[in-house]
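S.K.: Below are the structure tokens for one structure; questions will follow.
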Amino acid sequence: MAGNDGEAGMTLVVKTVTRLTVGLIFLYGVYIVLNGHLSPGGGFAGGVIIALSFMNLFLAFGGKRAFEIIKKDAVTALESVGAVLFLGIALLGFADGGFFNNFLPQGRLFSLISGGAIPLSNIAICIKVGAGLFGVFLALVSFRGSEREGK
Amino acid sequence: MMNAWLPYVLCILLFSVGVYAVLGKKNLIRIILGIVIAEYAVNLFLILLCWKKGGEAPILQPGAVEQVMVDPLPQALVLTSIVIGLATTAFLVAIAMRLHERYGTYDITRIRELRG
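This is the structure in structure tokens:
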């Protein structure tokens with residue numbers, strides 16, 4: 001893919017299809033995260049899917065417009081928030097007696113709200129992984145642009 | 001008896017494809033792809049190791065009783081391995097981009113002199 005195409009965005013077909021599907025991809029990621037303690041998936045897989053939905057937007061509509069909306073610092077901050085959230089959940093386990101102890105009531109098996117702190121951990125991992133992966137993507141994309149300007 | 005070994009043989013074949021790409025190709029991107037292929041062959045090998053005859057996926061379903069499940073431990077290991085693979089691949093791609101910035105080519109035979 002040429003650099004100029006990425007700047008201006010792709011063709012109308014790609015943009016329209018992206019507009020239609022990107023919400024569904026994002027919602028699927030959220031579903032995977034929220035059902036992580038019941039079925040395969042969880043924070044990592046869901047976070048990757050959510051990051052991919054953002055990457056899809058980025059590729060279809062071009063880097064220039066996307067960089068105006070999404071700031072790289074915000075992504076970095078969000079990644080740190082995910083890590084701190086996960087650590088906080090782990091530390092809250094001390095309320096129940098130890099590191100990573102499940103301090104919340106565990107609920108009924110196979111119901112959506114169950115598993116105590118596991119869904120919360122999944123959400124924290126999702127934020128961390130989604131922001132991290134998208135940050136890697138942003139770094140790889142913006143790396144070329146900044147180097148070129150420098151030359 | 002032969003059929004039981006076939007997946008492992010194919011796995012080694014896939015690994016050999018990856019090693020061939022690393023050693024035989026001159027384009028940096030193809031070398032990275034070879035590393036990724038070899039990595040996935042190893043992942044596949046680990047997943048194959050945990051297979052049990054008649055085993056099902058290790059997922060608890062509501063209302064299910066007493067079923068033979070495959071070993072979930074290698075699957076968890078492979079998940080970690082995939083994550084690390086993702087990170088190393090991103091790192092390799094970043095290095096390749098940096099090299100392309102300096103030398104203007106992905107051909108490893110032309111990346112010779114120290115520059116910049």
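Just so you know, the sequences run in chain order A and B.
Just so we're aligned: the first sequence equals residues 1 to 151 in the working numbering.
Just so we're aligned: the second sequence equals residues 1 to 116 in the working numbering.
Think of the CB as a built atom: it goes at the ideal place given N, C-alpha and C, for glycine as much as any other residue.
Predicted, not measured: the structure shown is a model, and the values here were computed from it.
To which residues does DSSP link residue 27(B) through a beta bridge?
M.R.: As a working mapping, residue 27(B) is identified with position 27 in the second sequence. For residue 27(B), which the question treats as bridged, DSSP gives the partners 107(B).
S.K.: Rounded to the nearest angstrom, what separates residue 27(B) and residue 21(B) at their Cα positions?
M.R.: Locating residue 27(B) in the second sequence gives position 27, counting from the first residue. Locating residue 21(B) in the second sequence gives position 21, counting from the first residue. Each residue's Cα considered, the two are about 9 Å apart.
S.K.: For residue 119(A), count the other beta carbons within 10 Å of its own beta carbon; 16 or more makes it buried, fewer makes it exposed. Which is it?
M.R.: To locate residue 119(A), count along the first sequence from 1; it is residue 119. Flag for residue 119(A) reads buried.
S.K.: Short of 7 Å Cβ to Cβ, which residues in the segment 56-78 of chain B face chain A?
M.R.: Correct list: 59 and 62.
S.K.: Would the beta-carbon of residue 66(A) fall within 8 Å of that of residue 78(A)?
M.R.: Within the first sequence, the letter at position 66 stands for residue 66(A). Within the first sequence, the letter at position 78 stands for residue 78(A). It is not a contact, given that the beta carbons lie outside the stated cut-off.
S.K.: Any beta carbon of chain B sitting closer than 8 Å to that of residue 140(A)?
M.R.: The residue given as residue 140(A) occupies position 140 in the first sequence. With 8 Å as the cut-off, residue 140(A) counts as an interface residue toward chain B.
S.K.: Going residue by residue through the segment 49-136 of chain A, where are the continuous alpha helix (DSSP H) segments of at least 4 residues, counting only ones entirely within it?
M.R.: Qualifying alpha helix (DSSP H) stretches, in chain order: 63-69 and 72-92.
S.K.: Does residue 94(B) have its Cβ less than 8 Å from a Cβ in chain A?
M.R.: For the purposes of this step, residue 94(B) is taken as residue 94 along the second sequence, with counting starting at 1. Closer than 8 Å: yes.
S.K.: For residue 136(A), decide whether its Cβ has a neighbour in chain B, counting only Cβ atoms nearer than 8 Å.
M.R.: Translated into positions along the first sequence, residue 136(A) becomes position 136. It does: the Cβ of residue 136(A) has a partner Cβ on chain B nearer than 8 Å.
S.K.: Excluding five sequence neighbours on each side, which residues of the same chain lie with their C-beta closer than 7 Å to the C-beta of residue 141(A)?
M.R.: The count along the first sequence starts at 1 and reaches residue 141(A) at position 141. Excluding residues within five positions, the ones whose Cβ falls inside 7 Å are 63.
S.K.: Output needed in chain order: residues of the segment 30-64 of chain A with a Cβ under 8 Å from some Cβ in chain B.
M.R.: Taking 8 Å as the Cβ-Cβ cut-off against chain B, the residues of the segment 30-64 of chain A that qualify are 39, 40 and 44.
S.K.: Would you say residue 36(B) faces chain A, with C-beta separation under 8 Å as the test?
M.R.: Here residue 36(B) corresponds to residue number 36 of the second sequence, with the count starting at 1. Residue 36(B) does not count as touching chain A.
S.K.: Cβ closer than 7 Å: which chain B residues qualify as neighbours of residue 110(A)?
M.R.: Taking the first sequence and counting its residues from 1, one reaches residue 110(A) at position 110. What residue 110(A) touches in chain B: 62.
S.K.: Would you mind reading off the limits of the alpha helix (DSSP H) that contains residue 29(A)?
M.R.: Walking along the first sequence from the start, residue 29(A) turns up at place 29. Start and end: 12-34.
S.K.: Is it buried or exposed, residue 51(A), if we count other Cβ atoms within 10 angstroms and call 16 or more buried?
M.R.: In the first sequence, counting from the first residue as 1, residue 51(A) sits at position 51. Residue 51(A) comes out buried.
S.K.: Return helix, strand or coil for residue 113(B), following the three-state DSSP convention.
M.R.: Residue mapping note: residue 113(B) aligns to position 113 of the second sequence, counting from 1. Coil at residue 113(B), not helix or strand.
S.K.: Within its chain, find whatever has a CB closer than 6 Å to the CB of residue 69(B); leave out the 5 residues flanking it on each side and keep chain order.
M.R.: As a working mapping, residue 69(B) is identified with position 69 in the second sequence. Contacts found: 55, 56 and 58.
S.K.: Once the 5 residues before and after residue 115(A) are set aside, which same chain residues still bring their CB inside 6 Å of it?
M.R.: Within the first sequence, residue 115(A) is the residue found at index 115, counting from 1. Once the five neighbours on either side are set aside, the close Cβ partners of residue 115(A) are 37.
S.K.: Look at the alpha carbon of residue 90(A) and the alpha carbon of residue 84(A), and state the distance between them as a whole number of angstroms.
M.R.: Here residue 90(A) corresponds to residue number 90 of the first sequence, with the count starting at 1. Here residue 84(A) corresponds to residue number 84 of the first sequence, with the count starting at 1. C-alpha separation (whole angstroms): 10 Å.
S.K.: Mapping DSSP to helix, strand and coil, what is residue 56(B)?
M.R.: By one-based count along the second sequence, residue 56(B) stands at place 56. It is a strand residue.
S.K.: Using only the alpha-carbon positions, how far apart do residue 122(A) and residue 111(B) sit?
M.R.: Within the first sequence, residue 122(A) is the residue found at index 122, counting from 1. Within the second sequence, residue 111(B) is the residue found at index 111, counting from 1. If I take the Cα positions, the gap works out to 44 Å.
S.K.: Are the segment 100-114 of chain A and the segment 16-23 of chain A touching by the rule of at least three beta carbon pairs closer than 8 Å?
M.R.: They do not touch, by the three-pair rule.
S.K.: Determine the direct distance from the alpha carbon of residue 139(A) to that of residue 84(B), and round the result to whole angstroms.
M.R.: Within the second sequence, numbered from 1, the residue matching residue 84(B) stands at position 84. Within the first sequence, numbered from 1, the residue matching residue 139(A) stands at position 139. Those two C-alpha atoms are separated by around 18 Å.
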